[in-house]
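Novice: Chains as they are written, first to last, in my numbering: chain R, 1076 to 1260; chain B, 1076 to 1260.
Below: one structure in structure tokens.
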DNA sequence: GCCGTCATGTAACACGTTACATGATTTG
DNA sequence: CAAATCATGTAACGTGTTACATGACGGC
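Following this line, the structure appears as structure tokens:
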């Protein structure tokens, strides 16, 4: 257990937050990052395992159980929960957002107009697919299960945002494609 | 001039793309990253200067003019433009997106309900401010200036997306705040 | 006994941020 | 002549990705 200043690093807080719901192993957490959190805060397994080790070393997590194949389940300590709350309330400095798609749109002048239009149609298709996937997911989840805890509320909020965003993206890209004059340059 | 494989690295392509419009110095480019591109692909000056040097070294940019105080203006080479087009058309693997705000929403269970509601109201306020700023910006820009080149079209598209997104965010956060039961836990 | 999944980690490298460091030119 | 702005860069460190490496357990 080592003391140390925590700067940025949302992954840490995501891990503590997930473990707050219930103890889990790195392997379990990976599934969350590959599914529900994939579009919100993706992470690789290297990162998850290393970070869990660091957090345990820093005394923000503890191993609560060990299973077969070296499986280790972690749970947050009181210090970990305190750090999570500190981060949640420190909404002042949020990490900058990046959108590679929008950057590409900004640079579309480097392509022919046909190619540019194709790119916008690609976004449109992907948004429509995302939207369908999320609608399906929303209907598939049993939001009333007891063990969902606060995610009954907050998970649903995130899904709603993602759904509205996919709709926006689909409609915007359709509109945008029409803004490009038909003649090729 | 050195050969080298280009992996991810959108900043490189952003730089080449901006220089495609017209030659500029690192200092000039920084202003773009601090204003119009701030919400799309932020970058620090360290990054910009180092990357310009690397790109010139790799033969993707050339220095076209030198001015006072060591000012250097860059322009893309044919190789640079080719690399830009390659990247534009390689829409398959886009960088993963991250949203710290949504991650926080997912973790709101760590706070009291009053605090959670406050956070959503904060998002609402910020979105409204962003929206106002972008509306003002859109009216302030002279979209018909000749030297805007393709940004007359594509810059406007990005602005339109950002505007719709701010509206979505404002409306969603208002809705979300209402989803939290009034009693404090 | 074979295969799929469970399960954990290390090392090297790419990308991004912060702090440090320096100095010339213009404008009032 | 003072202050603001112009202008460039290096070093250290934090964060994220990819490739490599290993092996146990469960079901058929």
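From the three backbone atoms N, C-alpha and C, an ideal C-beta is built for every residue, glycine too.
Provide the residue span of the beta strand (DSSP E) that contains residue 1150(B), from first to last.
Specialist: 1147 to 1151
Novice: Quick one: which chain R residues come within Cβ less than 9 Å of residue 1117(B)?
Specialist: 1171, 1172, 1173
Novice: Just to make sure I have the definition right: I need the residues of chain B whose C-beta is within less than 8 Å of the C-beta of residue 1085(R). Which are they?
Specialist: Residues of chain B with a Cβ closer than 8 Å to the Cβ of residue 1085(R) are, in chain order, 1173, 1175, 1178.
Novice: Would residue 1236(B) count as contacting chain R if we go by Cβ distances under 8 Å?
Specialist: Closer than 8 Å to some Cβ of chain R, the Cβ of residue 1236(B) qualifies, so yes.
Novice: Note down the Cα distance separating residue 1178(R) from residue 1197(R), rounded to an integer number of angstroms.
Specialist: 15 Å
Novice: Using a threshold of 8 Å, state whether the C-beta atoms of residue 1137(B) and residue 1152(B) are closer than that.
Specialist: yes
Novice: On the DSSP bridge list, what partners appear for residue 1141(B)?
Specialist: Looking at the DSSP assignment, residue 1141(B) forms a beta bridge with 1147(B).
Novice: Using a Cβ-Cβ distance under 8 Å, would residue 1082(B) count as near chain R?
Specialist: no
Novice: Between the Cα of residue 1102(R) and those of 1143(R), 1084(R), 1159(R), spot the shortest distance and give me the residue it belongs to.
Specialist: 1143(R)
Novice: Rounded to the nearest angstrom, what separates residue 1162(B) and residue 1229(R) at their Cα positions?
Specialist: 37 Å
Novice: Along the region 1091 to 1113 of chain B, where does the CB come closer than 9 Å to a CB of chain R? Name the residues.
Specialist: 1091, 1092, 1093, 1095, 1096, 1111, 1112, 1113
Novice: How far does the alpha helix (DSSP H) with residue 1198(B) in it reach, from first residue to last?
Specialist: 1188 to 1215
Novice: Are the C-beta atoms of residue 1218(R) and some chain B residue less than 8 Å apart?
Specialist: So, not an interface residue.
Novice: By alpha-carbon positions, which one of 1130(R), 1158(R), 1157(R), 1154(R) ends up nearest to residue 1148(R)?
Specialist: Answer by Cα proximity: 1130(R).
Novice: Taking the alpha helix (DSSP H) that residue 1228(B) belongs to, which residues open and close that run?
Specialist: Per DSSP, the continuous alpha helix (DSSP H) segment holding residue 1228(B) begins and ends at 1226 to 1254.
Novice: Does any residue of chain B bring its CB to less than 8 Å from the CB of residue 1149(R)?
Specialist: Among the CB atoms of chain B, none fall inside 8 Å of the CB of residue 1149(R).
Novice: Nearest by alpha-carbon distance to residue 1141(R): which of 1193(R), 1258(R), 1100(R) is it?
Specialist: 1100(R)
Novice: Looking at chain R, is there any beta carbon in it that lies within less than 8 Å of the beta carbon of residue 1205(B)?
Specialist: No, residue 1205(B) does not count as interfacial toward chain R.
Novice: Quick one: what's residue 1099(B) bridged to in DSSP?
Specialist: 1149(B)
Novice: Return the Cβ separation of residue 1243(B) and residue 1243(R) in integer angstroms, given the expectation that the two are a contact with Cβ distance under 8 Å.
Specialist: 5 Å
Novice: For residue 1258(B), I'd like the list of residues in its chain whose CB is within less than 8 Å of its CB, leaving aside the five on either flank, ordered along the chain.
Specialist: The residues 1188, in chain order, have a CB closer than 8 Å to that of residue 1258(B) in the same chain once the five nearest residues on each side in sequence are set aside.
Novice: If I measure Cβ to Cβ from residue 1205(B) and keep anything under 6 Å in the same chain, skipping five residues before and after, which residues do I get?
Specialist: 1241
Novice: Would you list the residues sitting across from residue 1136(R) in a DSSP beta bridge?
Specialist: 1151(R)
Novice: Decide if residue 1221(B) is buried, meaning its Cβ has at least 16 other Cβ atoms within 10 Å, or exposed.
Specialist: exposed
Novice: Let me know if residue 1214(B) comes out buried or exposed under the rule of 16 or more other beta-carbons within 10 Å of its beta-carbon.
Specialist: exposed
Novice: Whole angstroms is fine: what's the gap from residue 1134(B)'s alpha carbon to residue 1127(B)'s?
Specialist: 11 Å
Novice: Taking the alpha carbon of residue 1116(R) as the reference point, which residue from 1176(B), 1118(B), 1156(B) has its own alpha carbon closest?
Specialist: Considering only alpha carbons, the answer is 1176(B).
Novice: Span of the alpha helix (DSSP H) holding residue 1177(R)?
Specialist: Taken as a continuous stretch (DSSP letters only), the alpha helix (DSSP H) holding residue 1177(R) covers 1175 to 1181.
Novice: Among the candidates 1172(R), 1234(R), 1120(R), 1118(R), whose CA atom is the shortest distance from the CA of residue 1218(R)?
Specialist: 1234(R)
Novice: In chain B, which residues lie less than 8 Å from residue 1088(R) when you measure between Cβ atoms?
Specialist: By Cβ distance, chain B contributes 1178, 1182.
Novice: Determine whether the beta carbon atoms of residue 1118(B) and residue 1192(B) lie at a separation below 8 Å.
Specialist: no
Novice: Please name the residues in the region 1220 to 1234 of chain R whose beta-carbon is closer than 9 Å to at least one beta-carbon of chain B, in chain order.
Specialist: 1224, 1225, 1226, 1228, 1229, 1230, 1231, 1232, 1233
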